[in-house]
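Trainee: Residue numbers (the working numbering), protein chains in the order written: chain A, 1 to 280; chain B, 1 to 299; chain C, 1 to 254. I'd like to ask some things about the structure below.
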């Protein structure tokens, strides 16, 4: 009995100490990350660490196993302009914001859409790209449907990747239609190709790309941009200096047309398709 | 009379085997047929070899590409985690069977905490804690910067690319801690299956408790639990694919990147499945061999 | 009832005073007093459940006594671990189920404790092991595994294993009860040789032939108490208690 009592009091004391220390520790980490602006740390370190996720054509792996894509070009130019080296930290998309907050890298340059929900936890720069959503549909199932009203009916099924902005966009544009969500982006397309779903909303250039890859089965009801997206760099909160610097970099490279030129190369031409062995 | 009976049952058993195999093959053939016709999917395999081994123009030699690098990382994760999980598992297993209350409570708490969580949840919860609080304490990054070129080469074989050292170490710790809970229970069952007589014989011949455990009980216990241990190690290899969610660049993660980049999703995943199957199957055969070798000692 | 050996001038090497042991509500040992002198051979007999095994297992602390005191080779048996370990090094035990280590060869079984507990150099431990193997007449089995030996051979290896620690006392807990009849003799022969060499022995057994041949005194236990203790001659020729007489008549019926 005596032993148990000492044991229990020991454990309670230890837990209490841990409970007190944990928030202190977390606060310390936050303070550390924000006391010095990110740019200062990067300049001292001589290296910019960028978090991204593979997503055609923002960031992809080429035949040599190297990273290429729109994001990669943008990030490399940021590093070059700052005069530092670059290191890419490929991260699973679902954990990319927690990874940023935990300090695994300095900034997310990954085609991340600016949403209010995300803005609560991270800061966004001014937009450096505006991708829009387009639509691709199954010829057999949706060929007869009138665009766009025919698609807004309970008899029509859309697919989307869980957590992506295309889900909310589909719900907004076609509220009456059924929506099936998948964790795997390849399944999102495959369902439409197989004829289990009518159509899918996805960001350009995928609508044209997917249609070209499956020409017998798919078509584009329209080639218009259905939504206008804004993508920005994501940074940790409490760092006005870095936010200012990167936003201005974006402004400069928008005015001088560099961003537009690169965007056009990656999103409207398919000249890079051979480099990644892209499915034809 | 008995001899005739035995022949009959063997013949029947063989017939059943043939039927089962035939049904299995028919089922697989049906699946493939369905896939090809209903799924409207065009198979292309030609691009795969390049992602395993690529021809480097400058070096004029073959260099490993993403899939091979991912495989190497999976091996590293598997080996390191197996080693640490075994060490932690054996220690905790011994604590589980201790006569004193404290070791028993601690190990019981550990096992219950970990076993009642799905691996994904455990890894998400512990990874951020371990990688941001614990691993920086080890100071791996500062230390690897100061290391000599020769040490770095060795380290690169053992842990992978230098930038990812702390990342890999966190992954190994997470995976090892998770699997060790299961190994603890396996070891405990093994120890408890050893009759009291062995403990008493060891005690009465003058060996200390530690010596009895080390030389008499544990060798026998481990021998007995080789089958479930093998199963746990195979599970470990499959669970290692879960650490792709915390962006450890092992086979599943890099395969995903190639799949996204080339859009040849099914080919890549089938290939990856085949690779994991080969690894797990080889491990299972090694353990089966070990089991037969150890059975020699048993009476 | 108190028990004393026939050679009352020998220095007492095992002393039990007022020892009691309870398993929950069941009392296995009631107020046992026993003294065994150095070089004395004592046989303990009695019906099952009489507490004989419990008593000798208390002597090397495989069981903990609840009341009374036990002194072995001058050391008092308490909760102190170092005391217990030092007692166990001087007391060898042979079990009914042999309890050999199945994953080690016969030779390794014998050398394990001398190497680890006494820290003997390897050559010396091996020499000692072969010496005792010869003493139990099975030197050729040195590299076999216990599973490959017969019951009688295994028990002899068990005896040799205990002897390798060169104990002052040997305890036997029904050493032949698990053996086939044809193998009992070989084990008893070894025990008789041990007795003749002057080893202090406490043997729990039903083998009265052995008792008559090798024991100095016999103790009869029933229901946790020592009912009768006398020199071998007195015990068999003129048992005093009725219970003893009943037991003897049952066991010596054939």
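Note that the Cβ used here is the ideal one computed from N, Cα and C, for glycine as well.
Near residue 216(B), which residues of its chain fall below 6 Å by C-beta distance, leaving aside the five closest residues on each side in sequence?
Mentor: As a working mapping, residue 216(B) is identified with position 216 in the second chain. Answer for residue 216(B): 198, 202, listed in chain order.
Trainee: Can you give me the C-alpha to C-alpha distance between residue 245(C) and residue 239(C), rounded to a whole angstrom?
Mentor: Counting from 1 along the third chain, the entry for residue 245(C) is found at position 245. Counting from 1 along the third chain, the entry for residue 239(C) is found at position 239. Using only the alpha carbons, I get a separation of about 6 Å.
Trainee: Of the residues that make up the region 35-60 of chain A, which ones have a beta carbon closer than 7 Å to any beta carbon in chain B?
Mentor: Listed by position along the chain: 54, 55, 56, 60.
Trainee: Considering only residues of the same chain and omitting the five flanking positions on each side of residue 1(C), which have a CB-CB separation below 6 Å?
Mentor: Looking up residue 1(C) in the third chain gives position 1. Since pLDDT at residue 1(C) reaches only 39, below the 50 mark, its modelled position is unreliable, and no value is offered.
Trainee: Below 7 Å between beta carbons is the criterion; list the residues of the region 192-221 of chain B that meet it against any residue of chain C, in chain order.
Mentor: Residues 197, 198, 200, 201, 203, 204, 205, 206, 207, 208, 211, 215, 216, 219, 220.
Trainee: Check whether chain B comes within 8 Å of residue 91(A), counting only Cβ atoms and requiring the distance to be less than that.
Mentor: Position 91 of the first chain, counting from 1, holds the residue named residue 91(A). Yes - at least one Cβ of chain B is within 8 Å of the one on residue 91(A).
Trainee: Pick out the complete beta strand (DSSP E) segments inside the region 168-223 of chain A, 3 residues or longer, and give them in chain order.
Mentor: 178-182, 199-203, all fully within the region 168-223 of chain A.
Trainee: Cβ of residue 100(B) less than 8 Å from any chain C Cβ?
Mentor: Taking the first residue of the second chain as position 1, residue 100(B) is located at position 100. It does not: the Cβ of residue 100(B) has no partner Cβ on chain C nearer than 8 Å.
Trainee: Under the assumption that residue 219(C) contacts residue 229(C) (Cβ atoms under 8 Å), give the Cβ distance between them as a whole number of angstroms.
Mentor: Here residue 219(C) refers to the residue found at position 219 of the third chain. Here residue 229(C) refers to the residue found at position 229 of the third chain. Going by Cβ atoms, the distance from residue 219(C) to residue 229(C) rounds to 4 Å, so yes, they are a contact pair.
Trainee: Measure the alpha-carbon distance for residue 290(B) versus residue 157(B) and round it to whole angstroms.
Mentor: Counting from one through the second chain, the residue named residue 290(B) turns up at place 290. Counting from one through the second chain, the residue named residue 157(B) turns up at place 157. Their Cα atoms are separated by approximately 27 Å.
Trainee: So, helix, strand or coil for residue 98(B), using DSSP?
Mentor: Position 98 of the second chain, counted from the start, is the residue given in the question as residue 98(B). In the structure shown, residue 98(B) sits in coil (DSSP, three-state: anything other than H, G, I, E or B).
Trainee: Taking the alpha-carbon of residue 16(C) as reference, which of 70(C), 113(C), 213(C) has the nearest alpha-carbon?
Mentor: Start at 1 with the first residue of the third chain, and residue 16(C) comes out as number 16. If we check each option's Cα against that of residue 16(C), 70(C) comes out closest.
Trainee: Is residue 62(B) helix, strand or coil by DSSP?
Mentor: The sequence position of residue 62(B) within the second chain is 62, counting from 1. In the structure shown, residue 62(B) sits in a strand (DSSP, three-state: E or B).
Trainee: Can you confirm whether residue 163(B), when its beta carbon is compared against all beta carbons of chain A, has any partner nearer than 8 Å?
Mentor: Numbered from its first residue, the second chain carries residue 163(B) at position 163. Closer than 8 Å to some Cβ of chain A, the Cβ of residue 163(B) qualifies, so yes.
Trainee: Three-state secondary structure (DSSP) at residue 57(A)?
Mentor: Here residue 57(A) is taken as the residue at index 57 of the first chain, counted from 1. The answer is coil: DSSP assigns residue 57(A) none of H, G, I, E or B.
Trainee: What does residue 207(A) touch in chain B if you count any residue whose Cβ is under 7 Å from its own?
Mentor: Residue 207(A) sits at position 207 when you count from the first residue of the first chain. Simply none; closest approach about 14 Å.
Trainee: Below 7 Å CB to CB, which residues in the same chain sit around residue 78(B) once its five sequence neighbours on both sides are set aside?
Mentor: Stepping through the second chain from its first residue, residue 78(B) is reached at position 78. Counting only Cβ-Cβ distances below 7 Å, and skipping sequence neighbours, we find 236, 237, 240.
Trainee: Would you identify the three-state DSSP class for residue 69(C), choosing helix, strand or coil?
Mentor: Reading the third chain from its first residue, position 69 is the one you call residue 69(C). Strand at residue 69(C).
Trainee: Assign residue 36(B) to one of three DSSP states: helix, strand, or coil.
Mentor: The residue labelled residue 36(B) in the question sits at position 36 within the second chain. Looking at residue 36(B) - three-state DSSP - the assignment turns out to be helix.
Trainee: Where residue 107(C) and residue 286(B) are concerned, what is the direct C-alpha to C-alpha distance, given to the nearest angstrom?
Mentor: By 1-based counting over the third chain, the position of residue 107(C) is 107. By 1-based counting over the second chain, the position of residue 286(B) is 286. Cα to Cα, the separation comes out at about 30 Å.
Trainee: Using the beta-carbon count (16 or more within 10 Å), is residue 101(C) buried or exposed?
Mentor: Within the third chain, residue 101(C) is the residue found at index 101, counting from 1. When all chains shown are included, residue 101(C) counts as buried.
Trainee: Measure the C-alpha to C-alpha separation of residue 98(A) and residue 210(B) and round it to an integer number of angstroms.
Mentor: Residue 98(A) sits at position 98 when you count from the first residue of the first chain. Residue 210(B) sits at position 210 when you count from the first residue of the second chain. Residue 98(A) and residue 210(B): Cα-Cα distance of roughly 45 Å.
Trainee: Using a Cβ cut-off of 7 Å, which residues of the region 45-61 of chain B contact any Cβ in chain C, in chain order?
Mentor: Residues passing the 7 Å Cβ filter: none.
Trainee: Short check: CB of residue 50(C) to CB of residue 222(C), under 8 Å?
Mentor: The count along the third chain starts at 1 and reaches residue 50(C) at position 50. The count along the third chain starts at 1 and reaches residue 222(C) at position 222. Against a cut-off of 8 Å, the Cβ pair of residue 222(C) and residue 50(C) comes out as a contact.
Trainee: Go to residue 153(B), then tell me how far its alpha helix (DSSP H) extends in each direction, as first and last residue.
Mentor: Locating residue 153(B) in the second chain gives position 153, where the first residue counts as 1. It spans 149-159 - the alpha helix (DSSP H) in which residue 153(B) sits, taken as one unbroken run.
Trainee: Going along the region 233-257 of chain B in order, which residues come within less than 9 Å of chain A, judged by CB to CB distance?
Mentor: Listed by position, the residues of the region 233-257 of chain B near chain A (Cβ gap below 9 Å) are 244, 245, 246, 247, 249, 253, 254, 256, 257.
Trainee: When the Cα atoms are used, what is the spatial distance from residue 97(C) to residue 72(C)?
Mentor: The count along the third chain starts at 1 and reaches residue 97(C) at position 97. The count along the third chain starts at 1 and reaches residue 72(C) at position 72. Spanning the two alpha carbons is a distance of roughly 25 Å.
Trainee: Residues in the same chain with beta-carbon distance under 7 Å from residue 237(C), minus the five sequence neighbours each way, listed in chain order, please.
Mentor: Residue 237(C) sits at position 237 when you count from the first residue of the third chain. Taken in chain order, the list of residues that qualify is empty.
Trainee: Looking only at its chain, what residues have a beta carbon closer than 7 Å to the beta carbon of residue 104(C), apart from the 5 residues adjacent to it on each side?
Mentor: Walking along the third chain from the start, residue 104(C) turns up at place 104. Same-chain partners within the cutoff: 112.
Trainee: Any idea what DSSP makes of residue 17(C), helix, strand or coil?
Mentor: By 1-based counting over the third chain, the position of residue 17(C) is 17. Strand, per DSSP.
Trainee: Rank 122(B), 120(B), 166(B), 152(B) by C-alpha distance to the C-alpha of residue 132(B) and give the top, closest one.
Mentor: Within the second chain, numbered from 1, the residue matching residue 132(B) stands at position 132. The option with the nearest alpha carbon to residue 132(B) is 166(B).
Trainee: Using DSSP bridges, identify the partner residues of residue 90(A).
Mentor: What you label residue 90(A) is simply residue 90 of the first chain in a count that begins at 1. DSSP lists 52(A) as partners of residue 90(A).
Trainee: Apply the 10 Å Cβ neighbour rule to residue 232(B) and answer buried if 16 or more other Cβ atoms are within range, or exposed otherwise.
Mentor: Residue 232(B) sits at position 232 when you count from the first residue of the second chain. That one is buried.
Trainee: If you draw a straight line from the alpha carbon of residue 241(A) to that of residue 82(B), how long is it in whole angstroms?
Mentor: Your numbering for residue 241(A) matches position 241 in the first chain. Your numbering for residue 82(B) matches position 82 in the second chain. Taking the straight line joining both Cα atoms gives about 46 Å.
Trainee: Have a look at 204(C), 163(C), 208(C) and flag the residue whose alpha-carbon is nearest the alpha-carbon of residue 197(C).
Mentor: As a first step, residue 197(C) is located in the third chain; it is residue number 197 there, counting from the start. Nearest option by C-alpha distance: 163(C).
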